[in-house]
Structures are given as structure tokens and as C-alpha cells.
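Student:
Numbering (my numbering), first residue to last: 766 to 913.
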């Protein structure tokens, strides 16, 4: 599957519009995660997310409404305190990249998921699409994560 060309800046927001952000650099990679934590956090079978360089991500409004849940042995789940929209994940607010939930983008990010991860944890009722994307039982290979 070809990845569309990037368009910048990319805008995003939560459901109620109280949290808004922009991204000024291309997404480094994107995937659909089917792990049980992403299922619980999103309320869906899988969660589409992409990673951008930290310096390209700017919160425009609503920083006071950002809430972070950090499980003891997992990645952060970042959401709007007002409407509950899942916005970000990973090592927020530290780390070199920001994992952004693709569903909260208001403009075309110019990217598409490159794989399905944690399909070994997918919901028993979920039927994976025949989209020709690679599928990984657990996390994607380090080369895809690092972009090397």
C-alpha cells in the first residue's frame, strides 16, 4: 500500500474541540495496534496511531485539559479530561517522538498505517481487513519502530 505524500501543518483536536494541536513535520511511521490496552483505551478493536518528532508537535489550546493515565508496566494514555478523546500515547510528555492517534486529526496527515501490531491480542470478534499490511503477533520489528 502506497503512503500518500505528507501535507503540513496537520491540525488535530479532541471531540469537544477544547484541546487543539498542530504538527509541522511528516509522520515517521504509523500502525494499527490491537493490544488489549489500546482496545480498552479507544473502545475499539484497534487504534491507529502515528509518530512525529517531538519538536514538530505543538499544543495550541487546552493544555490544562490534558490528562495522562500511565499504567505501571505500559505506555501513557493521554486524553481530554472534558470529552475523553484519546489523543496521544507513549512516553508523553518526554521522549523524542509523540505518538498521535490518527482519528483525532482534522486534516489529512499524508500517511497511512504501515502494519497491524499485536494481532495476537486482537478481540475474538474482530475480523482483520484484507488490506495487505504486514501483521505482527506482538510489536512490529525494531527496524520499523526505529525507521532503520
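Virtual Cβ for every residue (Gly too), placed ideally from N, Cα, C. Here the structure is a predicted model, which is why all the values come from computation and not from measurement.
Label residue 825 either buried or exposed according to how many other C-beta atoms from any shown protein chain fall within 10 Å of its C-beta, with 16 as the threshold for buried.
Tutor: Mapped onto the chain shown, residue 825 falls at position 60. When all chains shown are included, residue 825 counts as exposed.
Student: If you follow the beta strand (DSSP E) that residue 823 is in, where does it begin and where does it stop?
Tutor: On the chain shown, residue 823 is found 58 positions in, with the first residue counted as 1. That run of the beta strand (DSSP E) goes 822-826.
Student: Roughly how many angstroms lie between the CA atoms of residue 839 and residue 773, to the nearest whole one?
Tutor: In the chain shown, the residue the question calls residue 839 occupies position 74. In the chain shown, the residue the question calls residue 773 occupies position 8. Their backbone Cα atoms lie some 31 Å apart in a straight line.
Student: Buried or exposed: which applies to residue 874, given that a residue is buried once 16 or more other Cβ atoms fall within 10 Å of its Cβ?
Tutor: Residue 874 sits at position 109 when you count from the first residue of the chain shown. Its Cβ being crowded by 16 or more others within 10 Å, residue 874 is buried.
Student: Have a look at the DSSP bridge pairing and note the partners of residue 907.
Tutor: Here residue 907 refers to the residue found at position 142 of the chain shown. None; residue 907 has no bridge partner.
Student: Anyone know if the C-beta pair for residue 831 and residue 898 falls short of 9 Å?
Tutor: Working through the chain shown from its first residue, we reach residue 831 at position 66. Working through the chain shown from its first residue, we reach residue 898 at position 133. Cβ atoms of residue 831 and residue 898: not closer than 9 Å.
Student: Using a Cβ distance threshold of 8 Å, determine whether the stretch 779-792 contacts the stretch 842-852, with at least three qualifying pairs required.
Tutor: The answer is yes - the stretch 842-852 touches the stretch 779-792, with three or more Cβ pairs under 8 Å.
Student: Inspect the CB distances between the stretch 879-894 and the stretch 858-869 and report whether three or more fall short of 8 Å.
Tutor: By the Cβ rule, the stretch 879-894 does not count as touching the stretch 858-869, because fewer than three pairs are nearer than 8 Å.
Student: Look at residue 811 and residue 799 and say whether their C-beta atoms are less than 9 Å apart.
Tutor: One-based indexing of the chain shown puts residue 811 at position 46. One-based indexing of the chain shown puts residue 799 at position 34. It is a contact, given that the beta carbons lie within the stated cut-off.
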